[in-house]
Every structure is written in C-alpha cells, then in structure tokens.
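Notes follow the structure.
Number of protein chains: 2
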Amino acid sequence: MTRLVLKFGGTSMGGPERIAHSAAIAAHEASQGREVAVVVSAMAGETDRLLGFAESLGGGLGEVETDTALAAGEQASAALMALALKARGLKAQTVTGWSLPILVEGPPGSARITAIAGEPLDEMMRAGIIPVIAGYQGLNAKGRLATLGRGGTDLTAVAVAAAVGAECDIYTDVDGVFTTDPRIAPEAARVERISHDAMLELAAMGAKVLQTRSVEYAKAKAVTLRVKSSFLAPGQSAGTEVVEEAHLAERRVVSGVAYMRDQARLSLHGAPGPEAAEALFAAFAEADVAVDMIVQARARAGGAVIECSVSGRDLPRALALAQGLASRFEGLETRSETGLAKVSVVGTGLRGRADVARTLYGVLAREGVSVRMAATSEIKISALVDGDLLERAVRALHGAYGLADG
Amino acid sequence: MTRLVLKFGGTSMGGPERIAHSAAIAAHEASQGREVAVVVSAMAGETDRLLGFAESLGGGLGEVETDTALAAGEQASAALMALALKARGLKAQTVTGWSLPILVEGPPGSARITAIAGEPLDEMMRAGIIPVIAGYQGLNAKGRLATLGRGGTDLTAVAVAAAVGAECDIYTDVDGVFTTDPRIAPEAARVERISHDAMLELAAMGAKVLQTRSVEYAKAKAVTLRVKSSFLAPGQSAGTEVVEEAHLAERRVVSGVAYMRDQARLSLHGAPGPEAAEALFAAFAEADVAVDMIVQARARAGGAVIECSVSGRDLPRALALAQGLASRFEGLETRSETGLAKVSVVGTGLRGRADVARTLYGVLAREGVSVRMAATSEIKISALVDGDLLERAVRALHGAYGLADG
Numbered sequence: 001m002t003r004l005v006l007k008f009g010g011t012s013m014g015g016p017e018r019i020a021h022s023a024a025i026a027a028h029e030a031s032q033g034r035e036v037a038v039v040v041s042a043m044a045g046e047t048d049r050l051l052g053f054a055e056s057l058g059g060g061l062g063e064v065e066t067d068t069a070l071a072a073g074e075q076a077s078a079a080l081m082a083l084a085l086k087a088r089g090l091k092a093q094t095v096t097g098w099s100l101p102i103l104v105e106g107p108p109g110s111a112r113i114t115a116i117a118g119e120p121l122d123e124m125m126r127a128g129i130i131p132v133i134a135g136y137q138g139l140n141a142k143g144r145l146a147t148l149g150r151g152g153t154d155l156t157a158v159a160v161a162a163a164v165g166a167e168c169d170i171y172t173d174v175d176g177v178f179t180t181d182p183r184i185a186p187e188a189a190r191v192e193r194i195s196h197d198a199m200l201e202l203a204a205m206g207a208k209v210l211q212t213r214s215v216e217y218a219k220a221k222a223v224t225l226r227v228k229s230s231f232l233a234p235g236q237s238a239g240t241e242v243v244e245e246a247h248l249a250e251r252r253v254v255s256g257v258a259y260m261r262d263q264a265r266l267s268l269h270g271a272p273g274p275e276a277a278e279a280l281f282a283a284f285a286e287a288d289v290a291v292d293m294i295v296q297a298r299a300r301a302g303g304a305v306i307e308c309s310v311s312g313r314d315l316p317r318a319l320a321l322a323q324g325l326a327s328r329f330e331g332l333e334t335r336s337e338t339g340l341a342k343v344s345v346v347g348t349g350l351r352g353r354a355d356v357a358r359t360l361y362g363v364l365a366r367e368g369v370s371v372r373m374a375a376t377s378e379i380k381i382s383a384l385v386d387g388d389l390l391e392r393a394v395r396a397l398h399g400a401y402g403l404a405d406g
Numbered sequence: 001m002t003r004l005v006l007k008f009g010g011t012s013m014g015g016p017e018r019i020a021h022s023a024a025i026a027a028h029e030a031s032q033g034r035e036v037a038v039v040v041s042a043m044a045g046e047t048d049r050l051l052g053f054a055e056s057l058g059g060g061l062g063e064v065e066t067d068t069a070l071a072a073g074e075q076a077s078a079a080l081m082a083l084a085l086k087a088r089g090l091k092a093q094t095v096t097g098w099s100l101p102i103l104v105e106g107p108p109g110s111a112r113i114t115a116i117a118g119e120p121l122d123e124m125m126r127a128g129i130i131p132v133i134a135g136y137q138g139l140n141a142k143g144r145l146a147t148l149g150r151g152g153t154d155l156t157a158v159a160v161a162a163a164v165g166a167e168c169d170i171y172t173d174v175d176g177v178f179t180t181d182p183r184i185a186p187e188a189a190r191v192e193r194i195s196h197d198a199m200l201e202l203a204a205m206g207a208k209v210l211q212t213r214s215v216e217y218a219k220a221k222a223v224t225l226r227v228k229s230s231f232l233a234p235g236q237s238a239g240t241e242v243v244e245e246a247h248l249a250e251r252r253v254v255s256g257v258a259y260m261r262d263q264a265r266l267s268l269h270g271a272p273g274p275e276a277a278e279a280l281f282a283a284f285a286e287a288d289v290a291v292d293m294i295v296q297a298r299a300r301a302g303g304a305v306i307e308c309s310v311s312g313r314d315l316p317r318a319l320a321l322a323q324g325l326a327s328r329f330e331g332l333e334t335r336s337e338t339g340l341a342k343v344s345v346v347g348t349g350l351r352g353r354a355d356v357a358r359t360l361y362g363v364l365a366r367e368g369v370s371v372r373m374a375a376t377s378e379i380k381i382s383a384l385v386d387g388d389l390l391e392r393a394v395r396a397l398h399g400a401y402g403l404a405d406g
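Top to bottom, those sequences are chains L and X. full-length UniProt numbering puts the first residue of the first sequence at 1, with every later residue one more than the last. full-length UniProt numbering puts the first residue of the second sequence at 1, with every later residue one more than the last.
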C-alpha cells in the first residue's frame with residue numbers, strides 16, 4: 001500500500017472552514033487506498049500572534065521559552081485537524097514533537113531534526129489511524145521543545161515521509177510552481193516536474209512555495225515531493241512534482257523565469273585587491289546585510305571593480321559600511337544605484353548552454369532593457385535591470401524560452 | 001525557606017501587560033525570601049476560542065483531541081509567564097503537564113490528578129529557578145493530554161503546593177472573599193479567614209472565586225490557601241485565607257451573605273407520597289434540570305407538599321416535566337412561582353444556632369420580605385424571596401449579623 005504524507009500550511013489551516021476542507025483532501029487521498037499521515041502548521045497568523053506576545057514580554061526568537069509558546073500553535077492546529085478527520089468518520093490521532101518524539105538539536109528557533117520515531121507512526125498507519133503531526137517542533141536533549149525556524153513544518157513533513165517510506169504532498173495556496181508569476185505573464189504555465197536544484201533556485205528567489213532545507217532534505221533522502229493547492233476541490237490539484245534530475249525527461253532547458261523587486265547595486269572602484277572585498281563582506285556579515293549577487297571584474301585602469309547587489313532596504317546601511325572603508329583603503333570609490341530588480345532564468349538544462357545566455361542578452365536588448373549586472377550559477381542566469389522595466393523583461397524572457405506552451 | 005505556589009487565572013493572564021504585572025507579583029514574593037512556583041491558566045478568552053474551533057469541527061468537551069487543543073492554551077501562557085519572569089532578571093522555566101509529568105486519569109475534559117512529579121520541581125526551586133507550570137492539564141496512562149475541567153488550574157496549583165510542601169495563593173480579580181457583594185452592600189468587608197466548608201458554600205453559591213474541588217483538595221492535604229487580587233500592586237493584596245476550621249478563632253458566627261438571582265419555585269401538592277417525588281427528580285435528572293433547594297412538608301390536608309427551587313431559565317422545562325406526572329399520580333397538582341432570588345447566610349458558626357435562624361426571619365419580616373421557601377445545611381441557611389426585594393434582604397442581613405465591622 002502506498003503511503004502519503006500531506007502537509008498543510010498556515011493558510012490551509014486558516015480557521016475551521018479551511019481545516020475542514022484540508023481534512024476533506026486528506027480523506028480523499030485515504031479513500032484512494034493510501035496510508036495517510038498529516039503534518040500541519042499553526043493556524044494562519046497564530047505564530048505571529050504568539051511571537052508578538054513573547055516579544056512584548058522580552059522574549060524573541062532563539063529563546064527556549066519562546067519556542068515553548070510557539071509550539072503550542074501547532075499542537076492546537078494538529079488537534080483541530082484530528083477532530084476534522086474524525087468528523088469525517090476517519091480514525092485520527094494528534095502527535096506532537098514531544099509525544100512521538102521528534103528529536104532535535106541546535107539552538108531554539110533554528111533546531112535541526114536528528115531523529116523521528118517512525119515505529120509509532122508506522123503502527124498507527126497500519127492500523128488505519130491517521131497520525132496528525134504538529135510540525136515545526138521537536139524535543140531536544142534537555143527535554144525542552146525547540147522549533148525549526150520559519151517554514152519548518154515543510155521539513156517536518158519531509159522528515160516524516162522519509163521515516164515512514166512515504167511520498168510527500170506539500171499543500172499551499174498555489175497549484176504548484178509556475179513558469180513565472182501569472183500576475184505578470186498571464187500565459188504562465190504550471191511546471192509539471194522540476195528538479196530539486198531548480199526548485200531550490202526558484203524557492204531562494206522569492207517563489208517561496210517550499211522551504212529550502214526541506215527540498216535539500218527531500219533530495220538527500222530521495223523523498224518524492226509535490227507542491228499542491230489546498231484551495232481546489234479534493235483530488236483536483238495536479239501540482240508540481242519535484243524529482244531527481246535523472247528522472248526528468250529534459251524536454252525543456254529552462255523551467256521558469258523568477259524575479260525579485262527592490263534591488264540595489266553597490267560598486268567598489270579603485271580597491272587595492274581582495275583585502276577590500278574581504279573587509280566589505282566582513283562588515284556586511286557583522287551588520288546582517290544580506291548580499292545576493294557578487295561579481296568582480298578588472299577595469300581597464302585602476303584595479304578591480306567589485307559589485308554586489310543588496311535589497312533596496314539594506315542599501316543605506318550597506319553604503320555607509322562601504323564608505324567607512326575609504327579611510328582604510330586609499331583610492332577606494334563607492335557608487336550605488338537603486339530602483340533595480342532581478343530577473344532570473346532557471347533550469348537544470350542551462351549547464352554550459354551559451355545559447356541560453358545569448359537569448360537572454362538578445363531578448364533584453366531588443367526590449368530596451370539594459371543589464372546592469374549579471375551572474376550565473378549552474379542552473380541559473382540572473383540579470384539586474386531597471387525596476388520599471390522588470391515586467392517587460394519577465395514577459396519577454398518567458399516568451400522567448402517557450403515557457404507558455406504548457 | 002518557606003515555599004509558595006502562586007496561581008494566576010485567565011484575567012491575570014489577559015495579555016502581555018497583565019502577564020507582566022502578575023510576574024511582578026511573583027517576583028515580589030521571591031524577593032521576600034520565598035521559594036516560588038507559578039501555575040497559570042490560559043490567557044483570558046483563549047480556552048473559549050480553542051473550544052469554539054473544536055466544536056465547529058465536530059469536537060466538544062470530553063474528546064481527547066479537544067483536550068490536546070485546549071492544553072495548548074496553558075502551554076503558551078506558561079511560556080509567556082516564564083519570559084516575563086526572565087525579563088525581570090529571575091530564572092524561570094516552563095513546565096507542562098507532559099514534561100513534568102502531572103499524571104491524570106479519567107475521561108478527557110474532567111480528568112483527575114493522580115500524581116505530580118515533585119522532585120523536578122523541588123530541584124528547580126532549590127536551584128532558584130521558578131517553575132512556571134501549565135495548569136488545567138496532565139498526561140494520562142495512554143500518553144495523551146487530558147484536561148481537568150473548568151477551573152482546573154486551581155486544582156493544579158493546590159496539587160503542586162501539596163507536592164512541594166508550599167502554601168498556595170490563588171490570584172484572581174477580587175481581593176479575597178467578601179462578606180457580601182459590595183455592589184449591593186458597599187459596606188461589605190473582606191473576610192480575613194474562612195473555613196474550607198464555608199468557602200465551599202460561598203463558592204457553590206456563585207461567589208466563584210475558587211473551584212470546588214480545589215478547596216476540597218486543599219482541605220484533604222492541609223494546604224494553606226489564600227485568595228488574592230492580581231489587580232493590586234505587588235504585596236498589596238491582603239486577601240482571604242482559607243484555614244482549618246479548628247484554627248479559626250470563631251469570633252464570628254456568620255462569614256457572609258451570598259445570593260443568587262433568577263430562581264423559581266415549583267410545588268407539588270396532593271401527591272401520593274415519595275413515589276411522585278422520586279418520579280419527578282428522576283425526570284429532572286434525565287433532562288439535566290438542576291435542582292437546588294428541596295423541602296418537604298405535610299399539609300393540613302391532602303398529603304405531602306414537595307417544593308423545590310430551580311433556575312428561572314429551567315422552570316418551563318421543569319414545569320412541563322412535573323405536569324407530565326399528573327397522568328401517573330391522581331390528584332397531583334403543580335404550582336410554580338418565578339421572579340425569585342435566593343439569599344443565604346453562611347458560616348461555620350451556624351451549626352445548631354437557632355438564633356441565626358431567628359435573626360434571619362426577624363430581619364426579613366421587618367423589611368417586608370416574605371420567605372417563600374427556606375432550607376438549611378450544616379453551615380448555611382437559605383431563603384427564597386421576591387427577586388425585587390433581594391438587595392434589600394442582602395443589605396439587611398449583612399447589617400444584622402454585624403458583617404460590616406470588618
């Protein structure tokens with residue numbers, strides 16, 4: 001009998017009606033002859049509510065008592081899901097991080113799962129009882145609850161699937177991953193299958209349908225992962241399947257076009273070498289300024305040019321830190337540009353394919369979109385462009401790579 | 001070193017500000033050289049919110065998954081209290097029903113505490129760590145959470161106090177028990193000390209400052225119990241101490257005057273004997289009609305008169321049930337009267353003291369308040385009077401027994 005873990009996030013648990021609908025989806029899967037387990041997040045808004053209380057009492061993320069408060073959110077929602085399944089005539093039982101247990105280690109607020117007691121789940125599932133597991137949490141060696149960080153329920157779901165030999169359906173508010181944002185390009189199509197790496201690139205770039213660590217974990221444990229919508233009728237979400245790259249029939253070089261708004265570019269000119277770069281990124285790390293793209297080139301005169309992109313919100317801090325280096329590095333000049341956006345072409349078929357880059361530059365040039373900075377990874381080419389031209393760039397690239405063909 | 005358990009109910013935990021204030025009270029007690037533990041309820045409204053969700057998903061009280069959902073409320077509030085204590089520079093740690101554990105048995109929603117692991121609490125308190133214990137819940141033999149029923153956090157507090165050899169302060173929104181309702185008689189005075197039995201009578205009659213089982217438990221385990229207000233500055237609530245009757249300097253015969261509005265009287269005349277009474281109360285029990293006072297007398301003619309009081313809300317159902325008996329008992333006549341109220345004089349000094357009854361009848365007669373029905377227990381005399389005259393009756397009795405002298 002095939003086994004399936006269904007994960008329902010906060011919006012899928014956003015009140016009794018949403019919970020009842022998610023229960024109907026789980027019931028549908030069980031009716032198809034599958035042994036089912038369910039992993040849930042706290043009800044929408046609940047984690048923020050509890051965290052707000054904790055913060056106003058001097059506690060923040062990364063504090064053990066805060067974790068105990070937050071973990072209550074998933075305990076309650078798991079119990080409510082169990083009730084909803086029982087109301088449909090199914091057998092169900094709440095399982096928490098402490099009751100199973102799900103063992104974790106590491107600091108509160110960002111703990112790692114080290115072991116899941118699979119046998120009790122195994123027994124329940126064989127007895128036809130649906131375990132409803134509180135996500136996002138586990139028990140540490142001191143017997144205290146610790147949470148896994150934002151999106152940690154995805155990780156719980158994948159880890160549970162690995163522990164009981166199940167496939168894993170992550171339910172969210174979109175019917176899978178799309179070739180680009182349908183709000184920008186209405187012709188965007190659902191991606192049927194995608195590799196773990198391409199999924200990671202899309203997730204890291206703002207298409208936050210899956211938590212990064214959960215994708216890595218699924219890849220490492222060879223767990224079949226699907227992204228589906230809990231806002232469709234039971235059985236109606238086709239979703240996107242995340243599969244081993246080797247299993248992909250590589251019909252398509254490019255999987256999708258992603259984007260990120262509110263980007264800024266920071267340039268260091270006339271720097272005396274790697275020392276300035278090291279000092280800059282050390283200062284950024286200390287000040288928690290997140291750096292995205294980094295490019296380095298040698299200018300015709302005056303040494304290396306180092307450029308990086310940061311969020312527009314972080315730019316003032318980043319600029320101040322960069323200018324603070326001027327006293328240490330003679331001749332250092334700082335420049336910046338804001339109001340930019342990043343557009344990225346992602347696909348496992350990109351590796352070494354110069355034609356993909358050629359298309360990107362050609363298409364953007366024809367659209368009058370100048371590329372301010374570009375960087376590539378194994379499966380991604382990203383370009384920083386004028387923010388006002390972002391949507392034109394996304395639509396043009398989406399069309400040029402033939403993504404609208406479905 | 002003396003030990004003290006402080007219990008904070010829902011209103012004392014009604015949001016971050018209230019929690020911070022309750023933490024200040026606990027900190028004050030710790031600063032007086034006491035080893036302190038704290039037991040908390042869920043934040044005000046939280047249990048009702050979670051129960052509402054559970055009910056709309058087909059779960060009610062008495063269902064194991066509902067209990068798991070409800071118990072999350074105390075887990076969160078305990079963690080928030082621990083944070084608030086830490087913010088004051090104290091050491092504190094959340095303790096839940098499952099983590100200690102607090103062992104319980106019996107049905108979900110009305111479980112009984114069977115054992116509390118006192119040693120971990122003992123160790124924490126000796127190490128200067130304040131255990132903050134989630135009330136209202138425990139772990140049953142199946143490893144599931146079960147709740148103790150409404151007011152169960154009082155019981156947790158008393159049981160914890162018994163387990164660690166502590167006294168127990170129950171914090172609520174009133175500064176102890178009063179000789180009567182200050183809204184009716186502004187001269188009402190705080191009762192400094194009261195016996196467990198008198199406290200039980202007052203609690204059962206609507207002065208719901210303490211849960212009945214917790215008072216019985218405190219009496220059985222000889223735990224010193226105080227009722228205090230968390231709405232005063234730390235150290236400012238004198239409160240009421242519940243003590244062994246033997247320890248009471250019986251300066252006072254009467255402890256207080258309690259009342260209950262919206263009462264009704266139901267009379268059965270011409271009944272052929274105890275069979276009719278039995279049939280009536282069997283019908284009430286089946287229909288969940290709560291009967292309060294029951295009196296029986298022999299009328300000059302026509303056999304016994306049986307009278308009982310029920311809430312005005314229950315009267316229509318009670319009356320229909322009584323009239324339904326007419327077909328089975330020939331000559332049975334039913335009468336009823338609504339718009340009544342009950343006034344009760346409570347005190348351990350009442351036993352066998354006819355003068356207390358004499359005063360009651362005399363005072364009410366002088367005030368023009370006719371007694372419709374009266375009943376006595378060991379430590380209480382209750383009279384059913386016209387609801388419109390209730391306040392006059394309460395004030396007159398309160399004055400007549402010298403309760404305003406403080």
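Each residue gets a CB set at the ideal place from its N, CA and C atoms; glycine is no exception. Predicted, not measured: the structure shown is a model, and the values here were computed from it.
Return the CA-CA distance between residue i and residue j, expressed in angstroms with no decimal places.
i	j	result
H269(L)	D48(L)	43 Å
V257(L)	V343(L)	7 Å
M293(X)	R265(X)	9 Å
V371(L)	G402(L)	21 Å
R226(X)	C168(X)	6 Å
L248(L)	T179(L)	16 Å
E348(X)	E330(X)	In the sequence as displayed, the identity of residue 348(X) is Thr instead of Glu. Spanning the two alpha carbons is a distance of roughly 43 Å.
Q75(X)	T156(L)	21 Å
I116(L)	L50(X)	28 Å
G399(X)	V191(X)	15 Å
Give the DSSP bridge partners of residue i, in chain order.
i	result
S311(X)	Q263(X)
T172(L)	S229(L)
E35(L)	R3(L)
S382(X)	S344(X), A375(X)
S77(X)	Paired residue(s): none; S77(X) is not in a bridge.
E201(X)	Its beta-bridge partners do not exist; DSSP assigns none.
Where does the unbroken alpha helix (DSSP H) through residue i begin, and where does it stop?
i	result
S344(L)	Careful: S344(L) lies outside any alpha helix (DSSP H), inside the beta strand (DSSP E) at 333 to 346.
G118(L)	118 to 126
D292(X)	Premise fails: D292(X) lies in the beta strand (DSSP E), 291 to 298, not in any alpha helix (DSSP H).
R392(X)	390 to 400
At 7 Å on the CB atoms, spell out the chain L contacts of residue i, in chain order.
i	result
L57(X)	P16, I19, A20, L80, L83, A84, A87
E119(X)	Under the 7 Å cutoff, chain L gives no residues; its nearest Cβ is about 14 Å from E119(X).
T94(X)	E65, T68
Does the distance from the C-beta atom of residue i to that of residue j stay below 8 Å?
i	j	result
V5(X)	A42(X)	no
A218(L)	D175(L)	no
V160(L)	V39(L)	yes
V363(X)	D386(X)	no
L356(X)	A185(X)	It should be noted that the sequence gives Val, not Leu, for residue 356(X). No, the pair does not count as a contact, with Cβ atoms beyond the cut-off.
V164(X)	R3(X)	yes
Along chain X, which residues have their Cβ under 7 Å away from the Cβ of residue i?
i	result
F53(L)	P16, L80
G143(L)	S99
L50(L)	A76
Starting from residue i and walking both ways along the beta strand (DSSP E), at which residues does that stretch end?
i	result
G138(L)	137 to 139
M373(L)	371 to 377
K91(L)	91 to 95
L145(X)	145 to 147
List the residues of chain L whose Cβ lies closer than 8 Å to the Cβ of residue i, in chain order.
i	result
Q75(X)	T68, A69, A71, A72, Q75
Can you list the residues of chain X that residue i reaches, using a CB-CB cut of under 8 Å?
i	result
S110(L)	The premise fails here: S110(L) is roughly 18 Å from chain X at the closest Cβ pair, so nothing lies under 8 Å.
Say the cut is 7 Å; is the CB of residue i nearer than that to a heavy atom of the ligand GTP?
i	result
P186(X)	Annotation note on the ligand GTP: not contained in the displayed structure, which lists no ligands.
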